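Residue numbers (the numbering used here): 36 to 288. Glycine is no exception: its CB is placed at the ideal position from the N, C-alpha and C atoms. On a predicted model such as this, the values are computed, not experimentally measured, just so you know. Worksheet: one structure, shown below.
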């Protein structure tokens, strides 16, 4: 494991801070580090996890320039996307509670990671979160769509998914996409505070109830609901390639 995920211990709560400058773009190395960091913290005795990112950007989502650099190498693309979904699965399947500390923007893959957590604390202000895949020509897998449905409801999820809308923090709180807003400097502290309150409950009843309540989330990120082969097929469609190349061009301006 490299230093792309910093492991900070706060007693029983361990913070895993993504640290791939400048915007925590999710490449295979970062995703693998995150998966290993989750397993390592649990093995070290953590009772709760905080997943944090950089200031002003939690994670900008998948590293599209890197993915496009793989060209027509389907195996490499499958491996890269597969590692991202494995990281999301590690969060969803964590046997201990996880809070997303979102001190900034969280589009696309960043939003997916946050949706796999138990609770989301976001910085108030002009920061945006959501699944904007359609705007760059991608189709969110059924399992990922289900992650959004379970927090904002079926009809609102449909509207957000089809339009690819990113919503600002206040709206995200209003619709249930995030659970709490606070000042950007206080996001990790509030995330830890929520976890500490949860961890004060009788441990086994809390963890067993949590497992029952999150069974649908865990099911949503299983390979059969992601259908990676179908997703990769879509990656090579002309509309998708045009949208992705337009995104990269806009990033270079």
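Three-state class that DSSP yields for residue i in the structure shown
i: residue 117; result: helix
i: residue 142; result: strand
i: residue 198; result: helix
i: residue 285; result: helix
i: residue 236; result: coil
i: residue 183; result: helix
i: residue 272; result: coil
Own chain partners of residue i with C-beta closer than 8 Å, once the 5 adjacent residues on each side are dropped
i: residue 74; result: 125
i: residue 48; result: 81, 82, 83, 84, 85, 227, 230, 231 and 234
Alpha carbon of residue i to alpha carbon of residue j, nearest angstrom
i: residue 88; j: residue 265; result: 30 Å
i: residue 273; j: residue 263; result: 18 Å
i: residue 35; j: residue 66; result: Nothing about residue 35 can be reported from this structure: the residues present for the chain run from 36 to 288 only.
i: residue 210; j: residue 187; result: 6 Å
i: residue 279; j: residue 142; result: 15 Å
i: residue 36; j: residue 43; result: Below a pLDDT of 50, predicted positions are generally treated as unreliable, and residue 36, at 48, falls in that range; no measurement from the model is reported.
i: residue 275; j: residue 149; result: 24 Å
Start-to-end residues for the beta strand (DSSP E) that takes in residue i
i: residue 165; result: 163 to 165
i: residue 41; result: 40 to 45
Sequence-distant residues of its chain with Cβ nearer than 6 Å to residue i (five each side left out)
i: residue 233; result: 132
i: residue 214; result: 154 and 155
Beta-carbon proximity list for residue i, same chain, < 7 Å, skipping 5 on both sides
i: residue 55; result: 39 and 65
- [ ] Flag this pair as touching only if the region 214 to 223 and the region 165 to 182 have three or more C-beta atom pairs under 8 Å; answer yes or no.
- [x] no
Task: Segment contact, 8 Å Cβ cut-off, at least three pairs: the region 137 to 146 with the region 81 to 99 - done: yes
Task: Three CB pairs or more closer than 8 Å across the region 267 to 285 and the region 173 to 190 - done: yes
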